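Quick note: the sequence shown, position 71, residue 737 per my numbering, numbers continuous. The beta-carbon is built from N, C-alpha and C at its ideal position, and this holds for glycine as well. Bear in mind that the values here come from a model prediction, so they are computed numbers and not experimental data. So the structure is just underneath, and the comments pick up after that.
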Amino acid sequence: MEEGLTLIEILIVIAIISFLLSICLPAFQKARVKGLIVRTKMIISSIESALSMYESDFGDYPQSKNTSKILVELLQGPCDSPRWNGPYIKFKKDDIDKDGNIVDAWKNPIIYRYPQSAYKNIQYLIVSAGPDRKFGTSDDIGNW
């Protein structure tokens with residue numbers, strides 16, 4: 667009897683491995699997306715904490731229509747105001763895009779809006795477009 671595997675045996679092994687991969691890969695992808703969602707929620711939570719400290723020093727939140735760029739300047743500093751007791755947050759290099767906006771786990775800009783009127787129970791809005799990278803959909807991640 668010859669040693670080694672026949673072509674049929676090799677094809678069966680390849681088929682079994684392919685079947686197992688087809689079961690496992692979607693689960694790995696789902697876990698990866700969940701991890702990115704958690705990371706984005708942590709970024710938003712950190713911004714909320716920093717905004718709370720800023721508001722404590724200045725008596726109000728920074729005003730902005732639809733960008734988080736101003737937050738990088740005012741929360742991380744440096745700031746010339748004598749009331750500024752920051753930095754309130756330290757952003758990592760990969761948390762900021764080339765335009766100076768804070769980005770989510772998918773490297774898309776996070777929106778900061780104050781004052782805002784979309785939600786009555788919060789004073790300011792911090793929003794990530796979420797996994798689909800489109801604002802205004804059900805997977806958006808925010809501070810509401």
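Checklist entry - Is S794 helix, strand or coil by DSSP? => result strand
Checklist entry - DSSP three-state call for I776: helix, strand or coil? => result coil
Checklist entry - Which term fits I683, buried or exposed, when burial requires 16 or more other beta carbons within 10 angstroms of its beta carbon? => result exposed
Checklist entry - Does W772 come within less than 7 Å of chain D when only Cβ atoms are used? => result The structure shown contains no chain D; it holds only a single protein chain.
Checklist entry - From T672 to L686, what does the alpha carbon distance come to, in whole angstroms? => result 21 Å
Next on the checklist: Buried or exposed, going by whether 16 or more other CB atoms sit within 10 Å of the CB of S711?
Outcome noted: exposed
Item to check | Cross-strand partners of V769 (DSSP beta bridge) | outcome: P775
Checklist entry - Which stretch, first to last residue, makes up the alpha helix (DSSP H) that contains V704? => result 673 to 724
Checklist entry - DSSP beta-bridge partners for S730? => result Y780
Checklist entry - Within 10 angstroms of its Cβ, does T706 collect 16 or more other Cβ (buried), or is it exposed? => result buried
Next on the checklist: Quick check on the burial criterion: 16 or more other C-beta atoms within 10 angstroms. Buried or exposed for G701?
Outcome noted: exposed
Next on the checklist: Just verifying my parser: in three-state terms, what is the DSSP assignment at I755?
Outcome noted: coil
Next on the checklist: Taking the straight line between their C-alpha atoms, what separation do you get for V704 and G670?
Outcome noted: 48 Å
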